[in-house]
Amino acid sequence: DHTLDIEQIRRDFPVLDQLVNGKPLVYFDNAATNQKPLPVIDALTRYYEGYNANIHRGIHYLAEKATAAFEASRRAIQQFVNARHWEEIIFTYGTTDGINLVAQTYGRRFLNEGDEIIITTMEHHSNIVPWQMLCEERGCILKVIPVDDNGELILEEYEKLLTPRTKFVSVVHVSNALGTINPVKTIIDMAHAVGAVVLIDGAQATSHVDIDVQALDTDFYVFSAHKLYGPTGMGVLYGKKALLDDMPPYRGGGEMIKEVTFEKTTYNEIPYKFEAGTPNIADVVAVKTALEYMATLGKENIAAHEHDLLQYATAQLSEIEGLRIIGQAKNKISVVSFVMDGIHHQDIGVILDQLGIAVRTGHHCTQPLMRRFNIAGTTRASFAVYNTKDEIDRLVQGLHRVKKMMS
Ligand code: PMP
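The opening position of the sequence shown corresponds to residue 6 in the UniProt record's numbering, with each subsequent residue numbered one higher.
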């Protein structure tokens, strides 16, 4: 059994300790963003109170201190994903930003008319729309791996989609809408066998499963800090050095240049080539603290606790008549997405909110996936390390209340 003291951990998250509509808050919207522990909040305060300064260009004390903290965060992230080189870690504003960066630089430079890009039915809109925009501009063709009734990718169909024309494969590591953990290593190997380049959207994976970009041999891996107990507005693009070196820059501006004249500008080395302008310094600095916080708890302990919660919630919710869980993959993170006969998800969300329970309702930025299951949306409860079985009991009671009120 896991060894975490959840009551102790809850005290690290001040936001959890409040009444919502007169009831103790139950926060089950962790897949949208999880809450921040005190050490992360303190890191932000310490930065702004102690050494706020613009980085890299300054020679004064504060600028050097800020630069050192900023670059220390890059090393911490390198270690977190097990990248070979620190230059392979590019700071972005989030997962969405990272995918757009790759589509707009790698995609526009290297993908041509008739080239095929493969995604899946369970992608977040942020891993669909940038590729559609690229296809429209470059004349590429988008292909989609289907999912089965359990919410798992159908790999035999993927195999059939792979051809010598496949140039890029972009797949979500863990589905935000269903919780499915995809077999990304297999997906990457199959793509590489036809010479395609692969991006993995790790937005939902980083706080739940171990990430090792070298073991995966992925070409790109993107994620957001705010889904791993870190701040909003900060994300990471990992890319293999050789690919990043060959890619043109994304945004033009300060910091990403070597020399500027009106006749010709030369660009900086990676990672700075992709980091134009003043970055999100405070949040980059604080993400290191978030990684340390998770490491202190132990990622395998976090995963074990969340797995307990998932099993408990799945069992309890399955007993509610007329409730159907969408997404029953064998390999899942702690996300339970469900529909209830004759009751709209929005009504469920509003009633639960009155009871102090925060869930997400709707399409979860995965409209094609909802269409695949012939539903408009779901109610989604997603659990983090600080959640408890008592809170799941409150959700179950709340859903009985919903049924009574709506029938
Ligand atoms: N992909 C997945 C699977 C996600 O869950 C999310 C966030 N909901 C994103 C991409 C986009 O992340 P962000 O909004 O932080 O850019």
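Positions of the beta carbon are idealized from the N, C-alpha and C atoms, including for glycine.
Exposure of residue i, with buried meaning 16 or more beta-carbon neighbours within 10 Å
i, result
"glycine 258", "exposed"
"proline 19", "exposed"
"lysine 335", "exposed"
"methionine 195", "buried"
"serine 412", "exposed"
"aspartate 6", "Its pLDDT being 46, under 50, aspartate 6 is placed unreliably by the model, and the measurement read from it follows with that caveat. Aspartate 6 should be labelled exposed."
"arginine 385", "buried"
"isoleucine 216", "buried"
"tyrosine 163", "buried"
"asparagine 392", "buried"
"proline 169", "exposed"
"aspartate 17", "buried"
"leucine 296", "buried"
"glutamine 13", "exposed"
"valine 355", "exposed"
"arginine 256", "exposed"
"methionine 299", "buried"
"arginine 399", "buried"
"leucine 233", "buried"
"phenylalanine 378", "buried"
"isoleucine 64", "exposed"
Residues near residue i by beta carbon distance below 8 Å, same chain, minus five either side
i, result
"isoleucine 262", "Thr270, Thr271, Tyr272, Asn273"
"histidine 405", "Ile325"
"leucine 248", "Tyr111, Val202, Asp224, Phe225"
"asparagine 26", "Asp358, Gln359, Leu360, Gly361"
"histidine 231", "Thr38, Asn39, Gly99, Thr237, Gly238, Met239"
"glutamate 264", "Thr270, Thr271"
"valine 227", "Thr97, Thr100, Gly103, Ile104, Val107, Leu204, Ile205, Asp206, Gly207, Ala208, Gly240, Val241, Leu242, Tyr243"
Beta-bridge partners of residue i, as assigned by DSSP
i, result
"proline 29", "Leu24"
"phenylalanine 228", "Val241"
"leucine 158", "Val152"
"leucine 147", "Ile122"
"arginine 329", "Val344"
"alanine 363", "Tyr32"
"valine 176", "Ile205"
"threonine 266", "BP columns for threonine 266 are empty, so no partner."
"alanine 323", "Here residue 323 is serine; the residue named in the question, alanine, does not match the sequence. Answer is none; serine 323 lacks a bridge partner."
"tyrosine 272", "Ile262"
"serine 387", "Asp34, Val340"
"phenylalanine 96", "Val241"
"isoleucine 193", "BP columns for isoleucine 193 are empty, so no partner."
"threonine 185", "Lys337"
"threonine 171", "Glu121"
Contacting residues, own chain, Cβ-Cβ under 7 Å from residue i (five flanking each side not counted)
i, result
"asparagine 35", "Ser387, Phe388, Ala389"
"asparagine 132", "Ile104, Ile124, Ser175, Val177, Asp206"
"lysine 245", "Glu93, Asp224"
"lysine 293", "Ala77, Ser78, Ala81"
Same chain only: Cβ atoms within 6 Å of residue i, ignoring 5 sequence neighbours per side
i, result
"valine 107", "Leu204, Phe225"
"serine 339", "Glu311, Leu314, Leu315, Phe388"
"isoleucine 82", "Ile94, Val241"
"threonine 50", "none"
"lysine 394", "Tyr317"
beta-carbon residue i near the ligand COA non-hydrogen atom, thresh 6 Å
i, result
"threonine 100", "The ligand COA is not part of this structure, which contains only the ligand PMP."
* Asked: Would the segment 56-69 and the segment 195-205 be scored as touching if the rule is three or more Cβ pairs under 8 Å?
  -> no
* Are at least three pairs of beta-carbons, each pair with one atom in the segment 282-300 and one in the segment 70-81, less than 8 Å apart? -> For the pair of segments examined, the segment 282-300 was found to touch the segment 70-81: the number of CB pairs separated by less than 8 Å reaches three.
* Asked: Which ranges does the alpha helix (DSSP H) cover as unbroken runs of at least 4 residues, wholly within the segment 45-107, from first to last along the chain?
  -> 66-86, 100-107
* To do: Give a yes or no on contact between the segment 116-130 and the segment 361-375, applying the rule of three or more CB pairs nearer than 8 Å.
  => The segment 116-130 vs the segment 361-375: in contact.
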